[in-house]
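Right, one structure below, let's go through it.
4 protein chains.
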Amino acid sequence: MAKKKLRVGLVGYGFMGRTHSNAFTSVSNFFDSGYTPELTAICARNGEKAKAFAEQWNYQSVETDWRKMIARDDIDLIDIASPNDTHKEIAIAAAEAGKMVMCEKPLGRNAAESAEMVAAVEKAGVANMVWYNYRRVPAVTLAKQLIDEGKLGRIFHYRAKFLQDWTISTDLPQGGEGLWRLDKDVAGSGVTGDLLAHCIDTALWLNGEIDTVTGTTETFIKERMHTLTGKMQKVTIDDASMFLARFANGSLATFEATRYARGHKALNTFEINGENGSIAWDLHDLHRLEFFDHSDEGLTRGWKTLHITDGDHPYMDKWWVPGLQIGYEHTFIHQVADFIKGLEDGTAPSPTFREAMATDVVTDAVLKSAETGAWESARN
Amino acid sequence: MAKKKLRVGLVGYGFMGRTHSNAFTSVSNFFDSGYTPELTAICARNGEKAKAFAEQWNYQSVETDWRKMIARDDIDLIDIASPNDTHKEIAIAAAEAGKMVMCEKPLGRNAAESAEMVAAVEKAGVANMVWYNYRRVPAVTLAKQLIDEGKLGRIFHYRAKFLQDWTISTDLPQGGEGLWRLDKDVAGSGVTGDLLAHCIDTALWLNGEIDTVTGTTETFIKERMHTLTGKMQKVTIDDASMFLARFANGSLATFEATRYARGHKALNTFEINGENGSIAWDLHDLHRLEFFDHSDEGLTRGWKTLHITDGDHPYMDKWWVPGLQIGYEHTFIHQVADFIKGLEDGTAPSPTFREAMATDVVTDAVLKSAETGAWESARN
Amino acid sequence: MAKKKLRVGLVGYGFMGRTHSNAFTSVSNFFDSGYTPELTAICARNGEKAKAFAEQWNYQSVETDWRKMIARDDIDLIDIASPNDTHKEIAIAAAEAGKMVMCEKPLGRNAAESAEMVAAVEKAGVANMVWYNYRRVPAVTLAKQLIDEGKLGRIFHYRAKFLQDWTISTDLPQGGEGLWRLDKDVAGSGVTGDLLAHCIDTALWLNGEIDTVTGTTETFIKERMHTLTGKMQKVTIDDASMFLARFANGSLATFEATRYARGHKALNTFEINGENGSIAWDLHDLHRLEFFDHSDEGLTRGWKTLHITDGDHPYMDKWWVPGLQIGYEHTFIHQVADFIKGLEDGTAPSPTFREAMATDVVTDAVLKSAETGAWESARN
Amino acid sequence: MAKKKLRVGLVGYGFMGRTHSNAFTSVSNFFDSGYTPELTAICARNGEKAKAFAEQWNYQSVETDWRKMIARDDIDLIDIASPNDTHKEIAIAAAEAGKMVMCEKPLGRNAAESAEMVAAVEKAGVANMVWYNYRRVPAVTLAKQLIDEGKLGRIFHYRAKFLQDWTISTDLPQGGEGLWRLDKDVAGSGVTGDLLAHCIDTALWLNGEIDTVTGTTETFIKERMHTLTGKMQKVTIDDASMFLARFANGSLATFEATRYARGHKALNTFEINGENGSIAWDLHDLHRLEFFDHSDEGLTRGWKTLHITDGDHPYMDKWWVPGLQIGYEHTFIHQVADFIKGLEDGTAPSPTFREAMATDVVTDAVLKSAETGAWESARN
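Residue numbers (the numbering used here), protein chains in the order written: chain C, 1 to 380; chain W, 1 to 380; chain P, 1 to 380; chain A, 1 to 380.
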């Protein structure tokens, strides 16, 4: 059967531009489906860099104005991998032009922006999805499966962290290319939107809605040279953010994100304790899932480390043979595979814009609580 | 040189009665000092059980009234290992009788009780110490040493947990022998005073004073049969307790304790992230310390697992040879060794009653915050 | 600058056909070089399967006779990923036709076959390489680097294992598609050539030549149904193989491979103990390297786990950001990248056929020793 | 009921003298039994050191001639913790005097010596036991239990190592106090009798008899200063020893011991692979047992780490509460507890002299094979 084409127009050529491009390129080699992505156009303001990127990844054309790219007839899907302050405008324009839209996380810089984006894609009725890629780490997908099967029973505790250490030095400047994550106007917030958002998306998916939160944030290094002005300026983003939460299911939680945890590069973790079992995972060994099953015989009860490389583990029948691990970029390939599956069977690929907005509601509540010092509602 | 005797009168024959008795019995076999403990008397209301305990541990005499024991001339040190609601009265009486006093943690059921106890021992000028035994896990002592040497530099983050799972079943009753920790009147609080207190003592020792906290507690199982009444009664203690904290040194922290973390028996943990390095430890592998040293060469930087069994590790020259681990009870032996060392060189063995009271101030603040929903001061 | 094409003709569409195809497809997206591989032709006896494979991987053409493929002018490189008994004939024909040759391991079914292949490629003067992919796990490459820098000093011990468990069941048949590894005529030997060969290649690379060996093999399940005859037949391959070795540098070694180690899927491991340090690695966490550096300060000496995801780790500047791991297939991509680098700078990409033959000399010695019960020379 | 006394006369005051003394001292505090050990006498040629040891451990008397001690009426048990070359003579004399005998391992310096010792205790009909203490690590005892229950099924593989690094330096002298393990005349052999003997005793206990072995040994540092002569002398002991083995049950094995494995202090390990499961353990985390249970559900199969601190784990009901680990010296306490249990119920406490002799037969075979280069029988 002839496959349909899925013609992609990408905005942005940074780190996420690479992970997305690789996903669109590789998915058909490993997953069977009715659609084959084509790298139709890459768009960036810097035409030279866009061109170099296009050559590296075999994009068929280059644009420097995303409005032009959206206007093109030969593009089915707009994929947004540019800085956070551009998400809303591009997504809404793309939806209005009837394009499918995939958008890097966080959806908007805050829930208000996200709400506009949700309204736009839902009004247009276009397929939409947000790149919360960690849902598709096979170990994380398996965790979801085990929870849904009731292996943990009633949940008492949830714990999540995302720890990095790359901004500890006072010499690191802020702003500009590659450093826009340190600029609040562009990013919306610091680690709250960048790192905690990942933890929250996973938590909402695995453990349901959060009712209330109390949190605090900190900026450890108060001033940094700004690359655009060349001057020392106040740092506006949060370097660290943490909060306590109460979920709708009655469980308690701690969440923490920071870029000041020496020795941790991208330590995204969660642990869930239920009546019948517990689950733990972290990104530094993403191919493993830790599982304690209280239904095991007493004498030989213990934490198991599941090596998620078997054919019956989520997505793993598409890859190699048992014992051989996959890595980070595969989560993006899985996401494209599921997006395409949604196109084929008419289901909405999760997380949709609407689902992803829920994370922004929580991050807004955390930031508000950090100002009021009080517990705040995390519900819309 | 002839050794002096240190004649001990113990109150209580429970779990802690055993760890203390073992410490007093074993210390002289491994540590050289001018004092040899003697197990002079054991006191408990239940004379039969006290007698059985005395036979097991070779106590020379049995008392059923602690006032009588305190009145005896042949006892130098009163060691309190009875339930929390008895600490204050016994400690004050012992101090007033001029006895040295060692007391199980937490010192009082709250900071107000502790303050009276501090006043009593300081007025009497007697040697006093609280059994926060985890300071003397060699790995924890080494952590203190590394921090004091500046190996971590400026501290950004502190994280502590104490996770258990022994009260998850609804069938477990409350109150009575062995279960007084589930009775608020006796214990003062639930996991806050029982488990978090350990985490807090370690934190204050390693990372200095805590300024403010915001916390919450939960009682997951609301009613349990009470062994004394035989009836279902409201559970009055906290099953879980967690809080965010800001330390005086500017670092941020999360603390959590629970008896509902399936798969964890006594997982007392801490991790500290500093500018130049990080340290992590947990009680399930108490003979190991995890250390990340940012001053290592870039290519071979990584978390090291230190096997704390070498002769130059704290206390370890007294035990076996490199590679051979010690266990839980050794922390109590170390504590007695240091108490005796204090007697010899005239220094106050840490933590004194005064130092231990600081922990009660923090737990009081956590419990208050759990009611007000606001940040509370954790300073006296 | 315009890139040259590297037109590939692949023989075989099995597991290794996939890893190679992926490597040729992906290398240019991540590595900059003067050559771009093109998937020009795939060849297999079963034309239908070859066609399906070609569609999946975008091969431009399909052949069913490898002689025809070798005869084509539009192919630069013959890549052999078919069963072991075909290696020799194809490789020699390809070399004689002046094609570059890459060949799956083991090179021949024994050293005699390999010697003919070496002679052919060297006589033809064509670029040649054997797919001992584990040399290019970044952690393994780093191990080589650390050893070459002298970080370990004089080597005392080498230990290697390759443990699997997929043939434990008596129900598993032998022979035929996907099961040719259980047929001695096709495979040459069992785990000795399949798994131990990997361990030996790594060992020779990291620790130099092996002088002598004494070994033994075992076939635990003596008869299995043969898929081609439908009858129970004697199993001719070795299920397990192990040997002691003495290296030219004076170090002692143990080697072991088996498909009967329950719980291990592809546990390829090595550990090296030197005067100044030790190194350990295993394939189940291929993105980590364990390192003990005796030059560390005594108090904080310990095994470090290096998370091989930093930009200064071998190959890792081509991938993502620190903390984000790569997986199994990347080793093949690195191998193609280095093969191309060899084409550019005129160096022979290691391991060449000649280098890979050294492994066959050792496996021959092990199999001979298993028969004689004596120590045998492992030198050519 | 009044307890009987078990009056102990110890020979030797070194490292093992301490572990034994502690075991005899502590056992009654934790284990209920009809016998209470008394530290009646300590014997050593150096009277001053013996006296100091007696004071440290509360021995009631001191002897400098073991013949005199054996002649005393007030001693029930002679415990031999002196260097290996003294074992035979003392044990035989003690047996002839009708004393119970406990002896440090290895029993004799070779199987011939051991055979004489076995004959003596069996002729005298006295209780006898050898201190292969690692059988009574609770995790190891549990391993035995799981194997006996058939949890592993048919065994395919056994792997054992004992790795140390304390003799790497050329500056370390040989011979004399504390260094007699480097003197072949005194020790019998190097690591073969010292370390491999432990591995072999455990293996025979867990996996049954060994049929044949082929091994090799090495002395890395050929000459060392001898403390008794002050001169550089040839090193006579083996620094490293390794062998392949075939067990009577058809399983294959590798064994290795060395004092040249940088980074390992006392890494005594074993792993056993069976049809239905696998077990692994090591001394550096002696309170854990690794277990893979193939009968687990496929999706959640994985290696479990059992934290051996629960009340239903072997010996652990005598110690603390779940989560709290014990250490090295407890294995000796368990051994005394079982020796006493044997006295009470009339069973022979394992390993008896006869059982321990089996290990010497294997070590003799290994040393012989190291000379002949051939497979040797490991059966009596």
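Yeah, the Cβ is synthetic: ideal placement off N, Cα and C, and Gly gets one too.
Per the C-alpha coordinates, the member of S377(A), A160(A), A41(A) positioned closest to D76(A) is A41(A).
Here G153(W) has G274, E275, N276 as same chain residues with Cβ atoms under 6 Å from its own Cβ, once five neighbours each way along the sequence are excluded. Ranking L107(C), E256(C), G298(C), S82(C) by CA distance to the CA of N268(C) puts E256(C) first. With contacts defined by Cβ atoms closer than 7 Å, V213(C) and A71(C) do not form a contacting pair.
In the structure shown, the three-state DSSP call for R135(P) is helix.
Only residues of its own chain outside the window of five on either side were considered, and among them V130, W131, Y132, A197, H198, D201, A356, T359 have a CB closer than 8 Å to the CB of K105(C), listed in chain order. Between the stretch 301-316 of chain A and the stretch 292-304 of chain W, the count of Cβ pairs shorter than 8 Å is below three; the stretches do not touch. DSSP lists no beta-bridge partner residue for V361(C). Between the alpha carbons of R262(P) and L163(P) lies a distance of about 9 Å.
Spatial neighbours of L343(P) in its own chain (CB-CB distance under 7 Å, excluding positions within 5 residues in sequence) are listed in chain order as Y35, A127. Boundaries of the alpha helix (DSSP H) harbouring M117(P): 111-124, taken from the DSSP string. Buried is the label assigned to K99(A), since at least 16 other Cβ atoms lie within 10 Å of its Cβ. Per DSSP, A280(C) is one residue of the beta strand (DSSP E) stretching across 277-282.
With three or more CB-CB distances shorter than 8 Å, the stretch 105-114 of chain P counts as touching the stretch 181-195 of chain P. The stretch 165-185 of chain W makes no contact with the stretch 314-334 of chain W: fewer than 3 CB pairs, one atom from each, lie closer than 8 Å.
Residue pairing by DSSP places C43(C) opposite V11(C), E63(C) in a beta bridge.
Put simply, of T347(P), T219(P), Q325(P), P351(P) the residue whose alpha carbon is nearest the alpha carbon of Q335(P) is P351(P). For V101(P), the enclosing beta strand (DSSP E) stretches over residues 100-103.
Closest in C-alpha terms to E55(A), from the list E113(W), Y59(W), S33(W), D338(W), comes S33(W). Across the stretch 198-220 of chain C, no CB contact with chain P closer than 9 Å is found for any residue. When only Cα atoms are considered, M225(A) and W205(W) end up about 47 Å apart. By the Cβ rule, the stretch 11-25 of chain P does not count as touching the stretch 224-240 of chain W, because fewer than three pairs are nearer than 8 Å. Contact with chain C is absent for L10(A), since none of that chain's Cβ atoms lies less than 7 Å from the residue's Cβ. Among the residues of the stretch 240-271 of chain C, those with a Cβ less than 7 Å away from any Cβ of chain W are A240, M242, L244, L252, T254, E256, T258, Y260, A261, R262, G263, in the order of the chain. The Cβ of L299(C) sits closer than 7 Å to at least one Cβ of chain A. By the rule that beta-carbons nearer than 7 Å mark a contact, W303(P) touches chain W. Secondary structure at F220(W): coil, using DSSP grouped into helix, strand and coil. Note that the C-beta distance between D194(P) and E218(P) is not below 7 Å.
As for any beta strand (DSSP E) of minimum length 3 sitting wholly inside the stretch 157-230 of chain W, the runs are 210-218, 223-225, ordered along the chain. Interface with chain P (7 Å Cβ-Cβ cutoff): L324(C) is included.
T254(C) places its beta carbon 7 Å or farther from that of M69(W). For F15(A), the C-beta contacts it makes with chain W under 9 Å involve W320, V321, in order along the chain. Scanning chain A for C-beta atoms nearer than 7 Å to the C-beta of L286(W) yields Q325, reported in chain order. For V130(P), there is no enclosing alpha helix (DSSP H); the enclosing beta strand (DSSP E) has its first and last residue at 128-130. Contact between W66(W) and C43(W) holds, since their C-beta atoms are separated by about 5 Å, short of 8 Å.
Contact annotation: D74(P) and V8(P) have beta-carbon atoms that are not nearer than 7 Å.
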